[in-house]
Amino acid sequence: MIVLEKRPQPSQAWSLATPLVAVLATMFFGGLLFAALGKNPVEAIMTIFWEPLFGEFSFYYRPQLLVKGAPLVLIAIGLSLGFKAGIWNIGAEGQYIMGAIVGAGVGLAFYPLEAWYIFPLMVIGGALGGWAWAMIPAFLKVRFGTNEILVSLMLVYVAEQMLASVSLGLLKNPEGFGFPGSRNFQSYASAYNADLIEGSGMHWGVVAAFIAVIFAYVLLNRHMLGFHIRLTGEAPRAARFAGVNPARLILFCLGLSGALAGLAGLFEVSGPSGQVSIDFNVGYGFTAIIVAFLGRLHPVGILLAGSLMALTYIGGEIAQSEMGLPAAAIQVFQGMLLFFLLAFDLLTNYRLRLALKEVA
Amino acid sequence: MDLSEINPVLLIASLMVAATPLLLAAIGELVVEKAGVLNLGVEGMMIIGAICGFAITVETGSTFVGFLAAALGGAVLSLLFVLLTQVALANQVASGLALTLFGLGLSALMGQSYVGVKPPDTPELNIPGLSDLPVVGPILFSHDLVLYFGIALIAAVWAVLKFTRVGLILRAVGENHDAAHALGYKVIRIRVLAIMFGGACAGLGGAYISLVRVPQWTEGMTAGIGWIALALVVFASWKPWRVLLGAYLFGGITVLQLNLQAAGVAIPVEYLAMSPYIITILVLVILSADKSSAPASLGRIFHASH
Amino acid sequence: MTTPLLSLQGLTKAYPGVVANDTVSFDIGAGEVHALLGENGAGKSTLVKMIYGLVKPDSGTMLLRGQPYAPPEPRAARADGIAMVFQHFSLFDALDVAENVALGMENPPAMGDLASRIRDVSETYGLPLDPYRRVGDLSAGERQRVEIIRCLLQDPKLLIMDEPTSVLTPQEVDILFQTLQKLSSEGTSILYISHKLEEIRTLCDHATILRLGKNVGECIPAETSAREMAELMVGETLQTPERAGRDFGAVALDISGLSVPSPSEFGTALKNLHLTVRKGEVLGIGGVAGNGQDELLGVLSGEISTDAEAVKLAGEPIGREGPTARRRMGLLTAPEERLGHAAAPDMSLTENALLTGSVREKLEKRGFLKWAETQGFAEKIIKAFDVRTPGPDNAARSLSGGNLQKFVIGREVLQNPDVLVVNQPTWGVDAAAAAAIRQAILDLAAGGAAVVCISQDLDELMEISDSFAALNEGRLSAPRPTTELSVDEIGLMMGGAHGIEVAHV
Numbered sequence: 020m021i022v023l024e025k026r027p028q029p030s031q032a033w034s035l036a037t038p039l040v041a042v043l044a045t046m047f048f049g050g051l052l053f054a055a056l057g058k059n060p061v062e063a064i065m066t067i068f069w070e071p072l073f074g075e076f077s078f079y080y081r082p083q084l085l086v087k088g089a090p091l092v093l094i095a096i097g098l099s100l101g102f103k104a105g106i107w108n109i110g111a112e113g114q115y116i117m118g119a120i121v122g123a124g125v126g127l128a129f130y131p132l133e134a135w136y137i138f139p140l141m142v143i144g145g146a147l148g149g150w151a152w153a154m155i156p157a158f159l160k161v162r163f164g165t166n167e168i169l170v171s172l173m174l175v176y177v178a179e180q181m182l183a184s185v186s187l188g189l190l191k192n193p194e195g196f197g198f199p200g201s202r203n204f205q206s207y208a209s210a211y212n213a214d215l216i217e218g219s220g221m222h223w224g225v226v227a228a229f230i231a232v233i234f235a236y237v238l239l240n241r242h243m244l245g246f247h248i249r250l251t252g253e254a255p256r257a258a259r260f261a262g263v264n265p266a267r268l269i270l271f272c273l274g275l276s277g278a279l280a281g282l283a284g285l286f287e288v289s290g291p292s293g294q295v296s297i298d299f300n301v302g303y304g305f306t307a308i309i310v311a312f313l314g315r316l317h318p319v320g321i322l323l324a325g326s327l328m329a330l331t332y333i334g335g336e337i338a339q340s341e342m343g344l345p346a347a348a349i350q351v352f353q354g355m356l357l358f359f360l361l362a363f364d365l366l367t368n369y370r371l372r373l374a375l376k377e378v379a
Numbered sequence: 598m599d600l601s602e603i604n605p606v607l608l609i610a611s612l613m614v615a616a617t618p619l620l621l622a623a624i625g626e627l628v629v630e631k632a633g634v635l636n637l638g639v640e641g642m643m644i645i646g647a648i649c650g651f652a653i654t655v656e657t658g659s660t661f662v663g664f665l666a667a668a669l670g671g672a673v674l675s676l677l678f679v680l681l682t683q684v685a686l687a688n689q690v691a692s693g694l695a696l697t698l699f700g701l702g703l704s705a706l707m708g709q710s711y712v713g714v715k716p717p718d719t720p721e722l723n724i725p726g727l728s729d730l731p732v733v734g735p736i737l738f739s740h741d742l743v744l745y746f747g748i749a750l751i752a753a754v755w756a757v758l759k760f761t762r763v764g765l766i767l768r769a770v771g772e773n774h775d776a777a778h779a780l781g782y783k784v785i786r787i788r789v790l791a792i793m794f795g796g797a798c799a800g801l802g803g804a805y806i807s808l809v810r811v812p813q814w815t816e817g818m819t820a821g822i823g824w825i826a827l828a829l830v831v832f833a834s835w836k837p838w839r840v841l842l843g844a845y846l847f848g849g850i851t852v853l854q855l856n857l858q859a860a861g862v863a864i865p866v867e868y869l870a871m872s873p874y875i876i877t878i879l880v881l882v883i884l885s886a887d888k889s890s891a892p893a894s895l896g897r898i899f900h901a902s903h
Numbered sequence: 010m011t012t013p014l015l016s017l018q019g020l021t022k023a024y025p026g027v028v029a030n031d032t033v034s035f036d037i038g039a040g041e042v043h044a045l046l047g048e049n050g051a052g053k054s055t056l057v058k059m060i061y062g063l064v065k066p067d068s069g070t071m072l073l074r075g076q077p078y079a080p081p082e083p084r085a086a087r088a089d090g091i092a093m094v095f096q097h098f099s100l101f102d103a104l105d106v107a108e109n110v111a112l113g114m115e116n117p118p119a120m121g122d123l124a125s126r127i128r129d130v131s132e133t134y135g136l137p138l139d140p141y142r143r144v145g146d147l148s149a150g151e152r153q154r155v156e157i158i159r160c161l162l163q164d165p166k167l168l169i170m171d172e173p174t175s176v177l178t179p180q181e182v183d184i185l186f187q188t189l190q191k192l193s194s195e196g197t198s199i200l201y202i203s204h205k206l207e208e209i210r211t212l213c214d215h216a217t218i219l220r221l222g223k224n225v226g227e228c229i230p231a232e233t234s235a236r237e238m239a240e241l242m243v244g245e246t247l248q249t250p251e252r253a254g255r256d257f258g259a260v261a262l263d264i265s266g267l268s269v270p271s272p273s274e275f276g277t278a279l280k281n282l283h284l285t286v287r288k289g290e291v292l293g294i295g296g297v298a299g300n301g302q303d304e305l306l307g308v309l310s311g312e313i314s315t316d317a318e319a320v321k322l323a324g325e326p327i328g329r330e331g332p333t334a335r336r337r338m339g340l341l342t343a344p345e346e347r348l349g350h351a352a353a354p355d356m357s358l359t360e361n362a363l364l365t366g367s368v369r370e371k372l373e374k375r376g377f378l379k380w381a382e383t384q385g386f387a388e389k390i391i392k393a394f395d396v397r398t399p400g401p402d403n404a405a406r407s408l409s410g411g412n413l414q415k416f417v418i419g420r421e422v423l424q425n426p427d428v429l430v431v432n433q434p435t436w437g438v439d440a441a442a443a444a445a446i447r448q449a450i451l452d453l454a455a456g457g458a459a460v461v462c463i464s465q466d467l468d469e470l471m472e473i474s475d476s477f478a479a480l481n482e483g484r485l486s487a488p489r490p491t492t493e494l495s496v497d498e499i500g501l502m503m504g505g506a507h508g509i510e511v512a513h514v
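Protein chains in written order, with the working numbering: chain A, 20 to 379; chain X, 598 to 903; chain R, 10 to 514.
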């Protein structure tokens with residue numbers, strides 16, 4: 020019989036190893052899944068993990084990694100701070116949408132004026148939009164003790180309806196021949212989030228993501244606020260005893276994660292996506308939850324996890340077009356990753372021990 | 598706009614239909630939470646139930662077998678949650694999210710060949726005489742059997758929790774798992790059974806959406822109903838009959854909102870469509886002051902060390 | 010000689026890193042009150058858990074009435090007539106008395122019948138209880154009655170009681186002893202676990218003494234002196250703390266007219282509390298757990314906010330200040346619950362040193378942390394208080410209770426507080442560590458600090474405090490000099506606030 024035995028303290032080695040073990044387990048069981056769908060598992064795994072990086076068309080896919088990875092990392096960094104403190108913002112998708120709507124709205128309000136300050140204003144608008152949307156669950160939690168998980172999630176559905184509403188109304192392109200969706204930012208230079216180096220995929224969102232990683236690292240390791248965030252997650256009563264004001268922490272964590280998600284939305288809508296449309300969001304807000312956990316809520320880990328997840332997105336698209344692997348299979352694959360990560364996390368805090376059957 | 602097109606009798610009858618998926622999922626989650634476990638994977642289990650029920654019904658032609666499969670599908674998916682939280686002792690919030698994300702993906706994968714297919718009708722109660730009565734007939738005697746089953750389930754859960762030893766033990770485990778363990782009750786085993794019951798109920802609720810309420814299969818068709826079910830348990834203060842009340846309230850809002858859309862009210866469709874979610878938030882705010890009836894061990898990890 | 014009711018033969022149980030029980034053998038006769046005596050960590054709890062079927066021995070056997078006995082689970086133990094009253098109550102706050110009793114029975118009767126049986130039994134044994142009250146609303150003494158009645162309803166042959174008096178007032182202890190003697194005269198055996206020598210001498214027929222998991226001796230308590238038993242139990246001669254004569258200075262801490270509701274549902278509100286502590290004085294606050302101790306600590310630490318004027322530090326109103334501001338001003342506290350309140354279990358000792366030390370030890374600058382200095386502070390605590398750990402990188406939860414408590418108390422003492430408030434400073438701590446902690450508290454007071462020591466351990470309070478007050482249902486009795494007090498008076502102060510209440514009306 021195998022018994023669990025709590026370690027005297029968390030194992031550093033397993034803490035680092037679990038994400039790797041989880042990825043390997045996901046590859047194995049994902050392979051089984053692909054085989055069950057009648058695809059060659061080895062080929063599918065190779066297509067997903069190898070092709071975008073080193074394949075024939077990698078010159079095209081590599082920049083895409085940055086494009087897909089940046090919003091994931093940006094959102095996941097924000098979420099991870101809250102998750103560490105036991106504050107569960109799972110409505111990043113909604114904050115992402117609202118950031119995009121507000122930021123894009125700011126830009127479109129200036130159309131057709133060309134000026135250097137338009138894009139910075141859009142960035143501020145994007146952050147504020149996401150921040151404000153996240154402040155709703157934050158305020159309700161602080162003031163009324165309302166569960167932030169449910170409220171932030173409900174607001175995703177509200178935000179999606181808002182998006183539909185503005186795509187068809189307020190922000191609709193007046194010269195769009197009645198098609199839903201806003202003007203395309205690609206043809207509005209002052210508001211376009213272009214590649215900083217042509218064809219590199221390196222847009223402002225990527226820069227913001229790197230800054231966020233560094234910021235979060237310093238905050239968590241060198242600053243009192245970061246210490247209080249960790250303390251609150253580990254032992255809420257001890258945090259209160261240490262002098263942490265829980266309400267302020269909730270407002271900070273939710274507000275920051277909302278602002279970062281809003282920024283991600285703005286950079287996406289003004290760059291790679293190009294316009295506000297009914298379905299410009301593709302679920303980054305939810306995938307970022309996986310990224311945050313896969314990165315063990317650690318800034319550097321999130322950077323790696325975001326890159327890996329971007330890889331599965333792009334590799335998944337390749338596998339979809341080349342092998343006919345269904346898009347949903349990739350979604351399952353990503354879900355599995357989180358699943359295995361949580362399962363193997365056991366080994367960080369517990370030791371498995373083979374216990375002999377009781378001596379009579 | 599023409600509000601007179603809204604028929605109150607049909608409105609009530611259809612709100613009962615709209616409430617049933619919510620009711621089924623919420624009563625299952627209520628039992629899970631009473632046992633001290635917070636499973637945020639309701640949405641994922643519902644959508645798996647929706648596709649399992651739909652696919653099996655289409656393949657076998659029997660809605661009964663379909664609903665059975667849906668319950669089974671939900672319960673099997675909930676076993677993943679069991680594995681994470683009861684065996685691997687993972688955080689329940691994260692595990693519930695994992696279950697939902699995984700379930701949404703898996704259901705989309707399973708449902709690929711069922712998009713656009715029309716399922717067979719679910720048989721409805723038809724008692725000659727009673728079902729034909731005006732007003733009372735359509736409201737009380739003309740529904741499908743699952744709807745009645747849902748109401749019966751509420752009554753059953755209420756009775757079991759209140760009057761039986763099994764119910765007492767379940768509540769004890771949710772209140773104080775360490776004390777229950779010290780008295781020799783099998784905390785993990787009881788919780789596993791409760792979680793599977795919750796999974797089966799969510800599965801049934803999902804299948805009710807794809808087989809009765811809509812009825813067809815589209816990806817992500819549960820559209821947050823699983824999450825509303827979670828809110829409903831809080832709304833109900835963990836009391837079964839209040840789940841029924843809450844479900845009918847939300848069902849009413851949903852149906853009314855759809856009727857208003859159809860009647861062409863001057864409110865944009867999007868704002869009507871977001872109303873159930875906003876109302877859920879409002880209700881949560883009003884009720885979150887009172888947390889006293891929440892099971893004391895809710896969401897806490899149990900590990901018998903010695 | 011007749012067959013003993015229960016005979017333990019060579020029971021051994023090892024956990025990783027520690028042998029909890031090492032070939033323990035002894036017999037319990039029918040109708041005997043048998044004491045199991047030992048320090049915290051001596052292995053008493055593990056031993057009774059084996060008898061009750063919660064833990065299986067690695068080796069050794071048990072005989073019940075001469076028959077092999079190996080309960081696979083508590084249910085089987087109960088079926089064989091063995092019942093247990095737990096040290097940490099195994100009760101369910103949100104359920105009522107009858108439901109709690111039913112949960113502890115194999116085949117409970119219908120609720121109505123059960124309620125009347127509860128009334129019968131509780132009256133027979135002088136332990137009145139209303140079967141329909143919610144357990145969360147009961148006092149500690151009443152809660153214990155629920156446990157005892159739960160056991161008695163099953164006609165046990167052996168009743169195991171784990172530290173039953175730690176939550177009772179002296180008067181309640183007398184009632185309990187009468188009940189136990191009545192049971193014993195009816196033929197029920199009692200296994201009585203305690204580390205309180207005097208009560209064992211009063212109550213028990215026979216005693217087995219455990220030290221570090223081993224049976225180190227047996228005795229007839231009535232014929233053995235407390236000192237002899239204590240030496241068997243501890244295995245060394247203990248130093249009693251030294252207290253120098255003290256002069257008290259100005260008033261350091263002043264609470265007046267303080268009333269606050271409890272933040273938790275089953276907590277106790279504080280009602281019209283008054284107290285003053287002078288520099289150099291140790292004020293002991295006694296009382297049974299759950300009478301407002303946690304709330305009082307919260308009010309002083311700054312976790313519970315009050316009227317500004319209700320709490321004054323050296324004349325300054327601080328009722329609205331948070332914990333950090335109070336630390337800056339020189340008021341430090343150490344809560345009862347070590348893991349999760351005073352310290353974060355999974356964080357390192359360095360991080361836990363930062364938890365309360367950041368302000369006074371200047372471990373941060375404009376919010377940025379000085380990890381090197383923090384580690385230095387942690388090492389200083391470890392060294393000064395002889396905390397047994399490989400180093401400051403180890404997690405708090407890896408320390409034993411006594412060592413972690415030394416760390417927690419040391420962390421506050423080394424910050425040179427003007428006022429120190431401790432709650433249950435030596436609860437669950439081995440005797441050597443307890444002595445060290447008490448000495449540190451006395452030394453601090455000798456250096457001119459004011460100390461408030463909240464404790465359930467009356468011996469401890471008598472030993473270290475200059476004046477004594479008791480908390481009862483959120484009310485504090487007027488403090489009196491310790492030297493003037495007898496145990497009876499203390500008991501009345503602890504349980505007697507009811508009388509005072511009537512006088513007020």
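Built from N, CA and C at the ideal position, the CB exists for glycine as well.
Cross-chain neighbours of residue i in chain X, by beta carbon under 9 Å
i, result
"Ser273(R)", "The contacting residues do not exist; Ser273(R) stays about 11 Å from chain X at best."
"Ser99(R)", "Asn773, Asp775, Ala776, Ala777, His778, Ala779, Leu780"
Which residues DSSP lists as bridging residue i, in chain order
i, result
"Leu85(A)", "In the DSSP output, where bridge partners are listed per residue, Leu85(A) has none listed."
"Gly171(R)", "Residue 171(R) is actually Asp in this sequence, not Gly. Answer by DSSP bridge pairing, in chain order: Ile202(R)."
Contacts of residue i in chain A (Cβ-Cβ under 8 Å)
i, result
"Ala652(X)", "Within 8 Å Cβ-Cβ: nothing; Ala652(X) doesn't reach chain A, min ~14 Å."
"Thr819(X)", "Those within 8 Å of Thr819(X) in chain A number zero; the least Cβ separation is about 11 Å."
Chain X contact residues for residue i, given Cβ-Cβ distances below 7 Å
i, result
"Ala266(A)", "Within 7 Å Cβ-Cβ: nothing; Ala266(A) doesn't reach chain X, min ~15 Å."
Option in the options with minimal Cα separation from residue i
i, options, result
"Val763(X)", "Pro735(X), Met793(X), Ile787(X), Leu744(X)", "Ile787(X)"
"Met170(R)", "Leu480(R), Met471(R), Ile60(R), Ala479(R)", "Ile60(R)"
Within chain A, the residues that residue i reaches when beta carbons sit closer than 7 Å
i, result
"Ser692(X)", "Leu361"
"Asn403(R)", "Gln28"
Cross-chain neighbours of residue i in chain R, by beta carbon under 9 Å
i, result
"Ile785(X)", "Those within 9 Å of Ile785(X) in chain R number zero; the least Cβ separation is about 14 Å."
- With contact counted as at least three CB pairs below 8 Å, one residue from each stretch, are the region 327-347 of chain R and the region 192-211 of chain A in contact? no
- Touch test, the region 740-756 of chain X against the region 813-832 of chain X, Cβ-Cβ under 8 Å, three pairs minimum: no
- Message: With three or more C-beta pairs closer than 8 Å as the rule, is the region 86-97 of chain A touching the region 264-279 of chain A?
- Response: yes
- Message: To test your reading of the DSSP string, which unbroken alpha helix (DSSP H) runs of 4 or more residues are found completely within the region 239-321 of chain R?
- Response: 302-310
- In chain order, each alpha helix (DSSP H) run of at least 4 residues that lies wholly inside the region 262-314 of chain A: 265-289, 303-313
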